[in-house]
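Count the sequence shown with full-length UniProt numbering and you get residues 1 to 280, in order.
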Amino acid sequence: MPGVERVSLDNLVEHVRPAVELGIPAVAIFPITPVELRDATGTEALNPDNLMCRASRVIKEAFPELGVIGDVALDPYTDHGHDGVIKDGRILNDESVEILRQQALNQARAGNDIIAPSDMMDGRVQAIRETLDANGFETVRIMAYTAKYASAFYGPFRDALGSGGLLTGDKKTYQMDPANSDEALREVEQDIREGADMIMVKPGMPYLDIIRRIRDRFAVPTFAYQVSGEYAMLAGAIQNGWLERDRTIMESLIAFKRAGCNGILTYFAIDAARLLKEDR
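Dropping the structure here:
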(Lines of atoms letter the chains of each structure in order from A and count residues from 1; the text may use other names and numbers.)
(Lines give C-alpha, C1' and ligand atoms only; values in the text may rest on other atoms or scores of the structure.)
Protein backbone atom coordinates (compact mmCIF):
# COMPACT_ATOMS: atom_id res chain seq x y z
CA MET A 1 0.00 0.00 0.00
CA PRO A 2 1.29 3.52 -0.72
CA GLY A 3 3.09 4.95 2.30
CA VAL A 4 2.84 1.77 4.39
CA GLU A 5 5.77 -0.51 5.15
CA ARG A 6 6.78 -3.37 7.40
CA VAL A 7 9.07 -2.28 10.24
CA SER A 8 11.84 -4.33 11.86
CA LEU A 9 12.54 -4.16 15.59
CA ASP A 10 15.75 -2.16 15.14
CA ASN A 11 13.80 0.57 13.31
CA LEU A 12 10.69 0.46 15.48
CA VAL A 13 11.54 3.26 17.93
CA GLU A 14 12.29 5.79 15.20
CA HIS A 15 9.18 4.73 13.32
CA VAL A 16 7.01 5.30 16.38
CA ARG A 17 8.69 8.53 17.51
CA PRO A 18 6.64 10.84 15.22
CA ALA A 19 3.43 9.47 16.73
CA VAL A 20 4.67 10.40 20.20
CA GLU A 21 5.81 13.85 19.09
CA LEU A 22 2.46 14.53 17.43
CA GLY A 23 0.46 13.50 20.49
CA ILE A 24 -1.07 10.31 19.12
CA PRO A 25 -2.12 8.45 22.29
CA ALA A 26 -1.63 4.84 21.18
CA VAL A 27 -0.28 2.63 18.41
CA ALA A 28 -1.51 -0.79 17.30
CA ILE A 29 1.02 -3.45 16.37
CA PHE A 30 0.57 -6.54 14.22
CA PRO A 31 3.18 -9.28 13.71
CA ILE A 32 4.45 -10.90 10.54
CA THR A 33 5.18 -14.54 11.31
CA PRO A 34 7.47 -16.52 8.98
CA VAL A 35 5.90 -19.57 7.38
CA GLU A 36 8.28 -21.88 9.22
CA LEU A 37 6.89 -20.66 12.58
CA ARG A 38 3.25 -21.17 11.61
CA ASP A 39 1.31 -24.34 12.37
CA ALA A 40 -2.26 -25.60 12.60
CA THR A 41 -2.87 -24.32 16.14
CA GLY A 42 -0.84 -21.09 16.07
CA THR A 43 1.72 -22.28 18.61
CA GLU A 44 3.91 -19.20 18.11
CA ALA A 45 1.11 -17.06 19.58
CA LEU A 46 1.94 -18.66 22.96
CA ASN A 47 5.64 -17.81 22.77
CA PRO A 48 6.27 -15.05 25.36
CA ASP A 49 9.22 -13.91 23.26
CA ASN A 50 7.45 -13.81 19.89
CA LEU A 51 7.69 -10.78 17.62
CA MET A 52 4.57 -9.13 19.04
CA CYS A 53 5.82 -9.34 22.63
CA ARG A 54 9.33 -8.17 21.74
CA ALA A 55 7.89 -5.21 19.81
CA SER A 56 5.73 -4.25 22.78
CA ARG A 57 8.73 -4.28 25.10
CA VAL A 58 10.79 -2.16 22.70
CA ILE A 59 8.06 0.47 22.41
CA LYS A 60 7.28 0.63 26.14
CA GLU A 61 10.96 0.89 27.07
CA ALA A 62 11.43 3.85 24.72
CA PHE A 63 8.05 5.52 25.29
CA PRO A 64 6.51 4.42 28.61
CA GLU A 65 3.56 6.81 28.30
CA LEU A 66 2.55 5.71 24.80
CA GLY A 67 -0.35 3.28 24.74
CA VAL A 68 0.27 -0.03 22.98
CA ILE A 69 -2.64 -1.97 21.50
CA GLY A 70 -1.99 -5.65 20.90
CA ASP A 71 -3.97 -7.72 18.42
CA VAL A 72 -5.18 -11.05 19.81
CA ALA A 73 -6.05 -13.61 17.13
CA LEU A 74 -4.47 -16.70 15.64
CA ASP A 75 -4.45 -15.82 11.94
CA PRO A 76 -0.91 -14.35 12.04
CA TYR A 77 0.31 -17.67 13.46
CA THR A 78 -1.71 -20.43 11.76
CA ASP A 79 -0.66 -22.16 8.56
CA HIS A 80 -4.25 -22.02 7.29
CA GLY A 81 -4.78 -18.28 7.89
CA HIS A 82 -7.83 -18.60 10.13
CA ASP A 83 -8.37 -16.91 13.50
CA GLY A 84 -8.89 -20.15 15.39
CA VAL A 85 -8.12 -23.85 15.53
CA ILE A 86 -9.68 -25.92 12.75
CA LYS A 87 -10.77 -29.56 12.78
CA ASP A 88 -12.47 -31.22 9.82
CA GLY A 89 -13.00 -27.83 8.21
CA ARG A 90 -14.73 -26.39 11.28
CA ILE A 91 -13.54 -23.73 13.72
CA LEU A 92 -13.21 -25.08 17.27
CA ASN A 93 -14.41 -22.14 19.34
CA ASP A 94 -13.62 -23.24 22.90
CA GLU A 95 -10.21 -24.69 22.05
CA SER A 96 -9.35 -21.44 20.27
CA VAL A 97 -10.44 -19.32 23.25
CA GLU A 98 -8.06 -21.20 25.54
CA ILE A 99 -5.15 -20.24 23.28
CA LEU A 100 -6.34 -16.63 22.98
CA ARG A 101 -6.53 -16.41 26.77
CA GLN A 102 -2.81 -17.21 27.12
CA GLN A 103 -1.87 -15.07 24.13
CA ALA A 104 -3.53 -12.06 25.79
CA LEU A 105 -1.71 -12.74 29.06
CA ASN A 106 1.65 -12.86 27.26
CA GLN A 107 0.92 -9.50 25.68
CA ALA A 108 -0.07 -7.94 29.00
CA ARG A 109 3.16 -9.19 30.54
CA ALA A 110 5.07 -7.64 27.63
CA GLY A 111 3.56 -4.24 28.45
CA ASN A 112 0.50 -3.88 26.25
CA ASP A 113 -1.98 -1.41 27.68
CA ILE A 114 -4.92 -2.56 25.57
CA ILE A 115 -5.71 -6.10 24.47
CA ALA A 116 -7.69 -6.15 21.24
CA PRO A 117 -9.20 -9.56 20.44
CA SER A 118 -10.07 -9.51 16.74
CA ASP A 119 -10.76 -13.22 16.36
CA MET A 120 -14.58 -13.16 16.78
CA MET A 121 -14.70 -16.35 18.88
CA ASP A 122 -17.67 -16.56 21.26
CA GLY A 123 -16.83 -15.96 24.92
CA ARG A 124 -13.30 -14.77 24.38
CA VAL A 125 -13.80 -11.38 26.07
CA GLN A 126 -14.89 -12.95 29.36
CA ALA A 127 -12.10 -15.53 29.21
CA ILE A 128 -9.46 -12.86 28.59
CA ARG A 129 -10.85 -10.56 31.30
CA GLU A 130 -10.83 -13.37 33.86
CA THR A 131 -7.27 -14.35 32.94
CA LEU A 132 -5.94 -10.80 33.10
CA ASP A 133 -7.60 -10.12 36.45
CA ALA A 134 -6.38 -13.40 37.94
CA ASN A 135 -2.80 -12.48 37.04
CA GLY A 136 -2.78 -8.92 38.36
CA PHE A 137 -3.57 -7.07 35.14
CA GLU A 138 -6.85 -5.49 36.21
CA THR A 139 -5.87 -2.15 34.64
CA VAL A 140 -5.19 -3.61 31.20
CA ARG A 141 -8.13 -2.71 28.99
CA ILE A 142 -9.96 -4.81 26.42
CA MET A 143 -10.91 -3.36 23.06
CA ALA A 144 -13.20 -6.00 21.58
CA TYR A 145 -13.56 -6.27 17.84
CA THR A 146 -17.28 -6.66 18.35
CA ALA A 147 -18.65 -5.78 14.93
CA LYS A 148 -16.07 -7.31 12.59
CA TYR A 149 -17.60 -8.05 9.22
CA ALA A 150 -16.60 -10.70 6.68
CA SER A 151 -15.39 -7.98 4.37
CA ALA A 152 -13.60 -7.72 1.03
CA PHE A 153 -11.72 -4.69 2.37
CA TYR A 154 -9.13 -6.69 4.34
CA GLY A 155 -7.17 -7.89 1.30
CA PRO A 156 -4.10 -5.60 1.43
CA PHE A 157 -3.63 -6.19 5.16
CA ARG A 158 -3.74 -9.97 4.82
CA ASP A 159 -1.15 -9.79 2.07
CA ALA A 160 1.08 -7.55 4.20
CA LEU A 161 0.78 -9.97 7.11
CA GLY A 162 1.55 -12.95 4.90
CA SER A 163 -1.81 -14.60 5.61
CA GLY A 164 -3.62 -13.89 2.36
CA GLY A 165 -2.10 -16.71 0.33
CA LEU A 166 -2.51 -19.18 3.20
CA LEU A 167 -6.21 -18.65 3.85
CA THR A 168 -8.31 -21.70 3.07
CA GLY A 169 -11.99 -20.99 2.50
CA ASP A 170 -13.38 -17.82 4.08
CA LYS A 171 -14.25 -16.44 7.52
CA LYS A 172 -17.99 -16.10 7.09
CA THR A 173 -18.78 -18.70 9.76
CA TYR A 174 -17.37 -16.51 12.55
CA GLN A 175 -17.21 -12.99 11.15
CA MET A 176 -20.40 -11.01 10.63
CA ASP A 177 -22.64 -10.91 7.58
CA PRO A 178 -22.35 -7.48 5.87
CA ALA A 179 -26.11 -7.58 5.24
CA ASN A 180 -26.97 -8.01 8.93
CA SER A 181 -27.13 -4.90 11.13
CA ASP A 182 -29.03 -6.20 14.17
CA GLU A 183 -26.40 -8.82 14.98
CA ALA A 184 -23.90 -6.07 15.78
CA LEU A 185 -26.11 -4.73 18.56
CA ARG A 186 -26.48 -8.18 20.11
CA GLU A 187 -22.72 -8.69 19.98
CA VAL A 188 -22.02 -5.32 21.60
CA GLU A 189 -24.40 -6.10 24.44
CA GLN A 190 -22.72 -9.48 24.98
CA ASP A 191 -19.16 -8.12 24.90
CA ILE A 192 -20.00 -5.35 27.37
CA ARG A 193 -21.51 -7.96 29.69
CA GLU A 194 -18.33 -10.06 29.39
CA GLY A 195 -16.08 -7.14 30.35
CA ALA A 196 -15.12 -5.19 27.23
CA ASP A 197 -13.99 -1.64 28.03
CA MET A 198 -14.43 -0.44 24.46
CA ILE A 199 -15.60 -1.89 21.18
CA MET A 200 -14.38 -1.76 17.59
CA VAL A 201 -16.31 -1.65 14.32
CA LYS A 202 -14.36 -3.04 11.36
CA PRO A 203 -14.29 -2.01 8.52
CA GLY A 204 -15.18 1.59 9.22
CA MET A 205 -16.51 3.65 6.35
CA PRO A 206 -18.89 1.02 4.87
CA TYR A 207 -20.40 0.58 8.36
CA LEU A 208 -20.98 4.13 9.60
CA ASP A 209 -24.63 3.21 10.16
CA ILE A 210 -23.56 0.47 12.58
CA ILE A 211 -21.38 2.92 14.51
CA ARG A 212 -24.29 5.33 14.85
CA ARG A 213 -26.69 2.61 16.02
CA ILE A 214 -24.20 1.42 18.63
CA ARG A 215 -23.61 4.94 19.94
CA ASP A 216 -27.33 5.63 20.12
CA ARG A 217 -27.96 2.52 22.19
CA PHE A 218 -24.88 1.90 24.35
CA ALA A 219 -22.80 4.14 26.61
CA VAL A 220 -19.52 2.50 25.62
CA PRO A 221 -16.42 3.96 23.94
CA THR A 222 -16.71 3.05 20.27
CA PHE A 223 -13.84 2.90 17.81
CA ALA A 224 -13.64 2.32 14.07
CA TYR A 225 -10.86 0.76 12.03
CA GLN A 226 -10.25 2.42 8.68
CA VAL A 227 -8.94 -0.82 7.22
CA SER A 228 -6.35 -1.50 4.56
CA GLY A 229 -8.81 -1.63 1.67
CA GLU A 230 -10.34 1.71 2.63
CA TYR A 231 -6.89 3.26 2.99
CA ALA A 232 -5.64 1.72 -0.27
CA MET A 233 -8.54 3.16 -2.27
CA LEU A 234 -7.97 6.66 -0.97
CA ALA A 235 -4.16 6.55 -0.97
CA GLY A 236 -4.11 5.13 -4.50
CA ALA A 237 -6.44 7.84 -5.77
CA ILE A 238 -4.34 10.51 -4.03
CA GLN A 239 -1.15 9.07 -5.49
CA ASN A 240 -2.65 9.19 -8.98
CA GLY A 241 -3.81 12.77 -8.57
CA TRP A 242 -7.50 11.87 -8.67
CA LEU A 243 -8.20 13.16 -5.16
CA GLU A 244 -6.75 16.09 -3.23
CA ARG A 245 -4.64 14.67 -0.40
CA ASP A 246 -5.27 16.75 2.71
CA ARG A 247 -8.98 17.30 2.27
CA THR A 248 -9.58 13.65 1.40
CA ILE A 249 -7.77 12.39 4.49
CA MET A 250 -9.60 14.72 6.85
CA GLU A 251 -13.03 14.26 5.29
CA SER A 252 -12.73 10.48 5.53
CA LEU A 253 -11.88 10.70 9.23
CA ILE A 254 -14.46 13.37 10.05
CA ALA A 255 -17.10 10.91 8.82
CA PHE A 256 -16.16 8.55 11.65
CA LYS A 257 -16.37 11.30 14.25
CA ARG A 258 -19.69 12.47 12.88
CA ALA A 259 -21.04 8.92 13.15
CA GLY A 260 -20.09 8.92 16.84
CA CYS A 261 -16.63 7.37 17.09
CA ASN A 262 -14.57 8.10 20.18
CA GLY A 263 -11.42 7.02 18.38
CA ILE A 264 -10.16 5.89 14.98
CA LEU A 265 -7.54 3.32 14.04
CA THR A 266 -6.09 4.46 10.71
CA TYR A 267 -3.02 4.25 8.49
CA PHE A 268 -3.46 8.01 7.98
CA ALA A 269 -2.76 8.72 11.68
CA ILE A 270 0.55 10.55 11.21
CA ASP A 271 -0.77 12.56 8.26
CA ALA A 272 -3.96 13.50 10.11
CA ALA A 273 -2.10 14.48 13.28
CA ARG A 274 0.21 16.75 11.29
CA LEU A 275 -2.73 18.37 9.53
CA LEU A 276 -4.50 18.95 12.83
CA LYS A 277 -1.34 20.45 14.31
CA GLU A 278 -1.13 22.79 11.32
CA ASP A 279 -4.87 23.52 11.80
CA ARG A 280 -5.63 22.73 8.17
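The C-beta atom is built at its ideal place from N, Cα and C for all residues, glycine as well. All of these numbers come straight from a predicted model, not from anything done at the bench.
If you drop the 5 nearest sequence neighbours on each side, which residues of the same chain put their C-beta closer than 8 angstroms to that of residue i?
| i | result |
| --- | --- |
| I210 | A147, S181, A184 and V201 |
Any idea if residue i is buried or exposed, counting beta-carbon neighbours within 10 angstroms, 16 or more meaning buried?
| i | result |
| --- | --- |
| E44 | buried |
| P76 | buried |
| I69 | buried |
| N240 | exposed |
| T131 | buried |
| I115 | buried |
| N135 | exposed |
| D94 | exposed |
I need the straight-line Cα distance from residue i to residue j, nearest angstrom please.
| i | j | result |
| --- | --- | --- |
| I199 | A144 | 5 angstroms |
| R274 | T41 | 41 angstroms |
| P25 | H15 | 15 angstroms |
| I29 | I270 | 15 angstroms |
| T78 | P34 | 10 angstroms |
| R212 | D83 | 27 angstroms |
| F268 | V227 | 10 angstroms |
| P64 | P18 | 15 angstroms |
| N262 | D216 | 13 angstroms |
| T139 | Q107 | 13 angstroms |
| E187 | S252 | 26 angstroms |
| A259 | D279 | 22 angstroms |
| D49 | I91 | 27 angstroms |
| P221 | I86 | 33 angstroms |
| R245 | A237 | 9 angstroms |
| I214 | V27 | 24 angstroms |
| Q102 | R124 | 11 angstroms |
| W242 | K60 | 39 angstroms |
Looking at residue i: is its Cβ nearer than 8 angstroms to the Cβ of residue j?
| i | j | result |
| --- | --- | --- |
| E194 | Q126 | yes |
| S56 | A104 | no |
| S118 | A150 | no |
| P203 | Y225 | yes |
| R141 | D197 | yes |
| L100 | R54 | no |
| G81 | F153 | no |
| A235 | P2 | yes |
| V97 | M121 | yes |
| F256 | I264 | yes |
Sorry if obvious, but does the Cβ on residue i come closer than 7 angstroms to a heavy atom of the ligand GDP?
| i | result |
| --- | --- |
| T78 | Because no ligand of any kind appears in the structure shown, any question about the ligand GDP cannot be addressed here. |
What does a CB cutoff of less than 7 angstroms around residue i pick up in its chain, not counting 5 residues either side in sequence?
| i | result |
| --- | --- |
| A62 | V13 |
| K277 | L22 |
| R129 | I142, E194 and G195 |
Among residues of its own chain, excluding the 5 on either side of residue i, which ones have a beta-carbon nearer than 6 angstroms to its beta-carbon?
| i | result |
| --- | --- |
| P178 | Y149 |
| L37 | E44 |
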